[in-house]
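Enquirer: So the sequence shown is numbered by our numbering: it starts at 81 and just counts up by one.
We treat Cβ as the ideally placed atom computed from N, Cα and C, and that holds for glycine.
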Amino acid sequence: MYLAVTDHDRVAAGLGVVFLVFTAIRVWVVLRALRLRRNPGPAAPVEEAAVEGSAQAQGGAGPRPGPDVPQKGPNEWGQAIAAVAVIGALAAALWVGPRVLPSDGGTQSQAASCPDGEHKELPTAYQATPRPMTGDELCKALNRPDLAQLLGTPGEIVTTASGSNNISPNKKVAQPEAEVRFGTYTVNVSAAYNELSTAQYVKLMQFGDEQDIKTLTVLGRPAVLYSDHTMQLEISLGGGRSSGPVTQGPPSRNLAVALDRTDRGGYCEVTVWSKSGALPDDRALLGIAEKVLPTIPGWTVQ
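What follows is the structure in structure tokens.
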């Protein structure tokens with residue numbers, strides 16, 4: 081009944097009503113049995129008792145009163161059958177419930193939702209045609225019910241979900257991003273609308289600190305897998321401590337996918353990391369990209 085009230089679930093309401101009615105019937109039966117046990121049947125009429133007494137006084141050998149007839153109590157067999165029925169009903173509910181009630185199967189992880197950014201004014205860099213993806217669109221695409229399962233941690237709950245409409249330092253290139261955080265992993269999806277092709281991106285990685293570089297094709301577009309490190313910034317909230325410099329954070333695994341099949345420039349990037357430094361298998365990043373990217377508005381026209 082709680083599910084029926086909070087989630088407006090008709091199936092739960094039906095099951096709740098059935099059990100309430102059954103319980104009400106059982107309570108009525110038990111109360112009736114208790115009343116019968118406490119209140120025996122009416123005694124014989126006074127006139128009949130007087131006639132019997134007179135007959136015994138005159139004849140001296142009247143019929144002797146027989147033993148009291150026991151009052152009819154509750155039927156033991158009926159109670160036993162009712163108890164078995166209750167146990168059977170509970171067992172049936174436990175067996176049928178998961179099959180008829182909506183269940184997430186350990187994949188629903190929508191504890192935190194993306195903020196509503198419909199009324200936010202987009203920067204000038206987002207006025208291009210076709211319009212770039214926005215942080216809100218990336219967040220809604222990334223914050224999907226099966227994201228925890230794609231990461232290999234089914235059952236985890238989303239703690240935070242956010243999106244932002246970032247731009248390049250020269251304020252001419254849209255760089256939206258979204259982030260969804262679990263207790264174990266944090267997933268970030270970003271897009272860069274620059275003129276850098278995937279091949280050029282790989283060359284830049286080879287000159288940098290990126291490791292485990294692997295080129296491949298994802299969703300029919302050039303892509304590259306590589307390892308990197310996140311940035312960590314300590315911000316003081318008072319107490320006499322000063323904020324620390326930007327330092328190297330935990331390692332991350334990244335998958336950059338070209339925005340279009342001809343690789344004319346720009347890419348979408350999926351990044352996963354954890355505070356412990358543990359990283360999921362590369363198949364997790366591929367699964368996230370294949371599930372999330374096609375659901376982003378405008379992705380199929382790129």
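1. Indicate whether the contact test is met: 3 or more Cβ pairs, each with one atom in the segment 276–295 and one in the segment 243–263, closer than 8 Å.
2. Per DSSP, what are the beta-bridge partners of Y206 in this structure?
3. Using alpha carbons as the reference points, say which of G232, N119, D216 lies closest to L202.
4. Checking 8 Å against the spacing of the C-beta atoms, do L365 and V352 come in under that value?
5. Tell me which residues share the same chain as M285 and place their Cβ nearer than 6 Å to its Cβ, disregarding the 5 neighbours each side in the sequence.
6. Within the segment 326–366, note down every full beta strand (DSSP E) run reaching 3 residues or more, in order along the chain.
7. Near Q138, which residues of its chain fall below 8 Å by C-beta distance, leaving aside the five closest residues on each side in sequence?
8. Go through its chain and collect everything with a Cβ distance to W379's Cβ below 6 Å, but skip five positions before and after it.
9. Give a yes or no on whether the C-beta atoms belonging to A241 and C219 are separated by under 8 Å.
10. Out of R363, V101, C348, A208, state which residue places its alpha-carbon closest to the alpha-carbon of K252.
11. Rounded to whole angstroms, what's the CA-CA distance from A221 to G94? Just pull it up for me.
12. Let me confirm a value: E349 is counted as buried when at least 16 other C-beta atoms fall within 10 Å, else exposed. Which label applies?
13. Can you give me the Cβ contacts of A84 inside the same chain, cut-off strictly under 6 Å, excluding the 5 residues immediately before and after it?
14. List the residues that DSSP assigns as beta-bridge partners of A388.
15. Going by DSSP in three states, I376 sits in which element: helix, strand or coil?
16. The beta strand (DSSP E) with I237 in it runs from where to where?
17. Would you list the residues sitting across from E257 in a DSSP beta bridge?
18. Measure how close the beta-carbons of T266 and S356 come, nearest whole angstrom, since I'm counting them as under 8 Å.
19. Could you tell me which of G235, T295, R333 sits nearest to K283, measuring between CA atoms?
20. Using the three-state DSSP reduction, which class does L296 fall into: helix, strand or coil?
21. At the level of alpha carbons, what is the spacing between E290 and P212?
22. So, at 8 Å on beta carbons, what are the nonlocal neighbours of T297 in its own chain, with the 5 sequence-adjacent residues on each side left out?
23. With a CB to CB cut of under 6 Å and the five nearest residues on each side skipped, what residues in its chain are close to Q328?
24. Secondary structure at R106, three-state DSSP: helix, strand or coil?
25. Anyone know if the C-beta pair for Y347 and A254 falls short of 8 Å?
26. Need the endpoints of the alpha helix (DSSP H) that G215 sits in, please.
27. For A124, count neighbouring C-beta atoms within 10 Å of its own C-beta (all shown protein chains included) and say buried if the count is 16 or more, exposed if not.
28. Suppose the cutoff is 8 Å on Cβ atoms and the five residues either side in sequence are ignored; what does the same chain contact list for C194 look like?
Expert: On the basis of the supplied data:
1. no
2. If you number the sequence shown from 1, residue 206 lands on position 126. Looking at the DSSP assignment, Y206 forms no beta bridge with any residue, so it has no partner.
3. By one-based count along the sequence shown, residue 202 stands at place 122. Considering only alpha carbons, the answer is D216.
4. Within the sequence shown, residue 365 is the residue found at index 285, counting from 1. Within the sequence shown, residue 352 is the residue found at index 272, counting from 1. Against a cut-off of 8 Å, the Cβ pair of V352 and L365 comes out as a contact.
5. The count along the sequence shown starts at 1 and reaches residue 285 at position 205. The residues are I293, Y306.
6. 327–338, 347–353
7. Taking the sequence shown and counting its residues from 1, one reaches residue 138 at position 58. Unreliable positioning characterises Q138 in this predicted model, as indicated by a pLDDT of 49, which lies under 50. A coordinate reading is not provided.
8. Here residue 379 is taken as the residue at index 299 of the sequence shown, counted from 1. Within the same chain, W379 has close Cβ partners L373.
9. Numbered from its first residue, the sequence shown carries residue 241 at position 161. Numbered from its first residue, the sequence shown carries residue 219 at position 139. A contact, by the Cβ cut-off of 8 Å.
10. On the sequence shown, residue 252 is found 172 positions in, with the first residue counted as 1. Residue A208 is the option with its Cα nearest to K252.
11. Within the sequence shown, the letter at position 141 stands for residue 221. Within the sequence shown, the letter at position 14 stands for residue 94. Whole-angstrom Cα-Cα distance: 35 Å.
12. What you label residue 349 is simply residue 269 of the sequence shown in a count that begins at 1. Result: buried.
13. The residue labelled residue 84 in the question sits at position 4 within the sequence shown. Cβ neighbours of A84 beyond the five flanking positions: A92, A93, G96.
14. Since the first residue shown for the chain is 81 and the last is 382, residue 388 is missing from the structure and cannot be characterised.
15. Locating residue 376 in the sequence shown gives position 296, counting from the first residue. Of the three classes helix, strand and coil, the one that applies to I376 here is coil, per DSSP.
16. As a working note, residue 237 is residue 157 in the sequence shown. Element bounds for I237: n/a, residue is neither H nor E.
17. As a working note, residue 257 is residue 177 in the sequence shown. Note: E257 sits in a beta bridge opposite S244, S270.
18. For the purposes of this step, residue 266 is identified with residue 186 of the sequence shown, where counting begins at 1. For the purposes of this step, residue 356 is identified with residue 276 of the sequence shown, where counting begins at 1. Actually they are not in contact, since the Cβ atoms of T266 and S356 sit about 11 Å apart, beyond 8 Å.
19. Here residue 283 refers to the residue found at position 203 when the sequence shown is read from its first residue. Comparing Cα-Cα distances from K283 to each of G235, T295, R333, the minimum goes to T295.
20. For the purposes of this step, residue 296 is taken as residue 216 along the sequence shown, with counting starting at 1. DSSP places L296 in strand when its eight states are reduced to three.
21. Position 210 of the sequence shown, counted from the first residue, corresponds to residue 290. Position 132 of the sequence shown, counted from the first residue, corresponds to residue 212. Cα-Cα distance, rounded: 27 Å.
22. Locating residue 297 in the sequence shown gives position 217, where the first residue counts as 1. Cβ neighbours of T297 beyond the five flanking positions: A303.
23. Numbered from its first residue, the sequence shown carries residue 328 at position 248. Cβ neighbours of Q328 beyond the five flanking positions: H309.
24. What you label residue 106 is simply residue 26 of the sequence shown in a count that begins at 1. Helix at R106.
25. Mapped onto the sequence shown, residue 347 falls at position 267. Mapped onto the sequence shown, residue 254 falls at position 174. No, these two residues do not count as a Cβ contact at 8 Å.
26. Mapped onto the sequence shown, residue 215 falls at position 135. 215–222 is the span of the alpha helix (DSSP H), which, as asked, contains G215.
27. Locating residue 124 in the sequence shown gives position 44, counting from the first residue. Caution is warranted here: a pLDDT of 46 is assigned to A124, below 50, making its placement in the model unreliable, and no coordinate value can be reported.
28. The residue labelled residue 194 in the question sits at position 114 within the sequence shown. These residues qualify, in order along the chain: D216, C219, K220, N223, A241, S242, G243, A258.
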